[in-house]
Structures are given as structure tokens and as C-alpha cells.
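Numbering (the working numbering), first residue to last: 33 to 453.
All C-beta atoms in this analysis are idealised placements derived from N, C-alpha and C, irrespective of residue type, glycine included.
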């Protein structure tokens with residue numbers, strides 16, 4: 033592993049340098065490196081579209097970097113002074129064109145030398161930013177905003193901290209609040225990309241990242257709508273089923289793994305796929321959400337199923353509104369979760385009510401069961417049909433009306449009977 037050489041600049045000297053370079057390219061470069069921790073390549077390619085002035089942050093391809101309000105105001109003033117002539121933030125003072133990496137280093141070197149910071153490199157400004165963040169925040173937070181793995185931060189920077197730092201992250205028992213609308217938008221945008229498929233499999237099925245990486249097409253049972261994992265069978269949701277079917281059509285028939293690198297066709301390693309997913313979440317405005325949060329949200333939904341089952345056992349059935357109140361979710365979310373339980377074979381839907389799967393006659397057999405009963409008994413009242421199907425009498429009305437419209441039965445006042453041939 034490459035050894036980091038950390039040279040920290042003098043804070044007073046840096047403030048003087050920034051004050052003397054208040055409206056030129058060197059000032060932009062030094063501010064982005066020292067106050068936001070950007071790498072030279074990130075400084076070169078930064079665009080105004082990546083600066084969120086409302087929330088004071090830089091939205092980079094692999095992470096979101098919070099910036100001080102002072103820096104945000106300074107950058108906004110710089111943009112307005114240029115009349116938004118270019119999408120690129122760092123431009124040459126002479127011709128207002130994007131700078132090369134060498135020019136960026138040269139301008140930074142010149143500005144630092146003039147203030148006596150001759151031993152300080154451009155990369156040292158990023159390292160100083162990282163150290164300042166570590167002095168105020170935990171390893172995981174700094175890893176998230178700098179793009180450096182927490183383990184690498186400890187190796188390279190722990191010895192430079194004045195106080196020994198331990199992780200202060202509290203492992204949450206519940207996931208971050210998932211904005212389902214934002215997540216659905218992200219899933220629709222990502223479609224069958226590696227990040228999109230990983231998000232689907234995590235959020236909808238609760239798969240671990242290692243399981244996603246190792247998943248092969250021979251484990252996908254489209255007929256049974258299930259995944260056959262090493263230690264369990266996982267039923268597919270309609271959304272995951274649709275994505276996997278589309279992905280199977282897009283990939284060559286020789287592809288063995290479900291999630292593969294687009295160019296090489298090889299399976300991803302854990303770090304690479306994790307970064308792709310992280311980038312997708314950031315672009316979707318969900319930079320506070322992790323794969324672990326999505327798995328926990330899936331666990332909660334499955335736990336919610338247990339609540340629904342217990343409720344139905346006690347009350348015989350449940351409606352969408354009752355499920356929403358029971359689980360503390362929106363009516364739309366409750367509807368989606370009830371439909372998932374129907375797909376998993378845990379519930380049967382009859383009209384607007386949901387019953388335990390084995391507690392009622394399923395819709396596809398209702399007509400046959402009613403006809404067999406009428407053939408044997410001659411006629412039946414609506415209450416008889418309700419007891420026969422084991423549903424609420426009010427739900428028999430649309431069923432019986434359909435059979436009357438189809439010409440299979442007739443009604444004589446309160447009695448229902450077979451239609452004479």
C-alpha cells in the first residue's frame with residue numbers, strides 16, 4: 033500500500049493565500065482542495081450543475097460533499113460574475129477556458145510558494161481537509177464525504193490525529209427513513225444497470241451484497257418466480273421478476289452471473305459494486321441511505337407481514353386502509369405490501385378485502401364451488417354462499433352478479449339457482 037506523506041499547511045497562511053486570491057483560478061483551486069477536499073481531477077472537471085447551492089454541497093459522481101455556507105456563497109458569486117458563460121467551474125484567468133491538470137498544479141504551487149508554504153502540495157490540502165473532518169466527525173462520515181474507505185483512513189491518518197479516535201457510529205436498529213417515491217424514481221432510472229439490479233434485490237428481497245455478486249442465472253426460477261439460494265428459497269416480487277426477465281433478454285445467453293460488468297461480462301467484486309450503488313443513491317438524492325438500510329427496510333416489511341397475518345387471524349380479513357393504520361404507512365404502500373403478500377401466497381384477495389390464503393375459497397375456484405353446491409342443494413341464499421366461500425356476505429354480491437350476467441345462474445328474489453337449460 034502506498035505510504036501517505038502528510039504535510040499540514042499553516043491555517044493562518046492558508047487564510048492569507050485565499051484572501052489574496054479572491055477572484056482568480058488559483059483561489060478556486062485552493063478553496064476546492066482545502067475547504068472541500070477535492071482531488072485535482074475532480075477540481076478540473078467540476079461543473080456548476082454539481083454544486084447544490086440550496087443545500088450547500090458538491091454532488092460528485094461517487095459522493096456528496098457538504099461545504100461551508102461561506103464557500104457556497106463565494107462560489108455562487110463567482111458563477112454570477114461570469115454570467116454563467118461556462119459549465120466548468122475552474123477556468124483560465126487569461127482566456128476563460130478549462131485548465132489542464134498540469135496548469136492546476138502550477139497555479140496552486142505558485143500561490144502556496146508566495147506565502148512560504150513551499151513544502152505543501154495540492155494533495156496535502158485534501159489531506160488536511162480529511163484530518164480536520166476526522167477531528168470533528170467519525171470515520172464512517174469522513175469516509176462517506178471523501179470517498180476513502182474507513183479502513184484506509186485509519187491506516188493513513190490515525191497517527192496524525194492528536195487524540196486516538198474510535199468509531200462513534202451507532203448501529204441503528206431501524207433503517208434510515210426510506211423515501212419510497214424517490215427510491216422508485218431511482219429504480220426506474222437505473223432499470224437493469226448493475227446498481228439498479230442490486231438495489232432491487234436488496235430492497236425487495238433483502239439479499240446481502242455477497243449473495244447478489246454470486247447470484248447465477250441457474251438459480252433464477254422464472255416459472256416458479258423464485259430464487260434458489262444456497263440456504264433458502266426467496267419468492268420474487270413482481271418488480272424484481274420484471275427486471276430479471278428484461279435483464280435476461282439483454283444479456284448474452286452464455287452469461288452465467290446475473291450482475292456483470294457491462295464491458296467484460298465478468299462478475300463484480302464487492303467494492304466496485306458497492307461504489308456503483310453508492311453513486312446511484314447519491315444521484316437519486318438518497319445519500320443518507322445505505323444498502324444495510326434497504327435490507328432493514330425489507331426486514332421491517334416482512335415483519336409487517338407478520339403483523340398483518342396476526343390481524344387477519346383475529347379479524348378474518350383486512351382492507352388496505354386497515355393495513356395502512358396497522359403498519360403506520362401510506363395507503364399506497366399498504367396496498368403494495370398486501371399485493372406482495374398475495375403474490376407470496378400468504379393472502380388471497382377478494383374484492384377490497386384480503387384473507388389468509390387457506391382460509392377462503394380462492395377466486396379461481398369460486399364459480400366451480402358455487403355451481404357444485406347449487407347442483408346438490410337446488411338453491412342457496414346469499415348467506416349460504418358466504419359461508420360456502422368463507423367470506424363476508426357483502427362480497428358475494430359481485431360474484432353472484434357476474435355469474436348471473438354470464439348466464440350460469442338465475443335469481444328469484446333472495447334465492448340463487450342454476451339456470452335451466
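Neighbourhood of residue 413 by C-beta distance below 7 Å, restricted to the same chain and skipping five residues each side:
Only 446 and 447 meet the Cβ criterion.
Please classify residue 89: does DSSP put it in a helix, a strand, or coil?
Strand.
Could you round the C-beta distance between residue 90 and residue 83 to whole angstroms and report it? I think they count as a contact, below 8 Å.
With a Cβ gap of about 6 Å, residue 90 and residue 83 count as contacting.
Counting along the chain, where does the alpha helix (DSSP H) carrying residue 233 start and finish?
Run containing residue 233: 226-237, per the alpha helix (DSSP H) assignment.
Take residue 364 and list the residues in its own chain whose beta-carbon comes closer than 6 Å to its own, dropping the five residues that flank it on each side.
In its chain, beyond the 5 residues on either side, no residue has a beta carbon closer than 6 Å to the beta carbon of residue 364.
Cβ pair count under 8 Å reaching 3, the region 149-158 against the region 41-60:
Proximity of the region 149-158 to the region 41-60 meets the contact definition, three or more beta-carbon pairs being nearer than 8 Å.
C-beta contact flag for residue 163 and residue 193 at 8 Å:
Yes. Within cutoff.
Through-space distance from residue 421 to residue 225, alpha-carbon basis:
Their Cα atoms are separated by approximately 45 Å.
In terms of alpha-carbon separation, which member of 278, 227 and 277 lies closest to residue 299?
Looking from the CA of residue 299, the closest CA among 278, 227 and 277 belongs to 227.
Just confirm the distance between the C-beta atoms of residue 330 and residue 235, as a whole number of angstroms; I'd bet it's less than 8 Å.
Your pair residue 330 and residue 235 checks out as a contact, with CB atoms roughly 6 Å apart and the cut at 8 Å.
Which whole runs of the alpha helix (DSSP H) in the region 265-315 are 4 residues long or more, in chain order?
As for any alpha helix (DSSP H) of minimum length 4 sitting wholly inside the region 265-315, the runs are 270-282 and 302-315, ordered along the chain.
So, helix, strand or coil for residue 458, using DSSP?
Past the edges of the chain, shown from 33 to 453, lies residue 458, and the structure says nothing about it.
When you compare only the Cα positions, how much space is there between residue 368 and residue 352?
Going from the Cα of residue 368 to the Cα of residue 352 covers about 9 Å.
Between the C-alpha atoms of residue 245 and residue 237, what's the straight-line distance to the nearest angstrom?
One C-alpha to the other measures close to 14 Å.
In its own chain, which residues sit with a C-beta less than 6 Å from the C-beta of residue 377, not counting the 5 before and 5 after it?
Hits under 6 Å: 389.
What are the boundary residues of the alpha helix (DSSP H) that residue 145 is part of?
That run of the alpha helix (DSSP H) goes 133-146.
Below 7 Å CB to CB, which residues in the same chain sit around residue 317 once its five sequence neighbours on both sides are set aside?
These residues qualify, in order along the chain: 214.
Measuring CA to CA, which of 187, 108, 395 and 387 is closest to residue 340?
Among 187, 108, 395 and 387, the Cα nearest to that of residue 340 is on 387.
To the nearest whole angstrom, what separates the beta carbons of residue 229 and residue 174, a pair I think is in contact under 8 Å?
Rounded, the Cβ-Cβ distance is 30 Å, inconsistent with contact.
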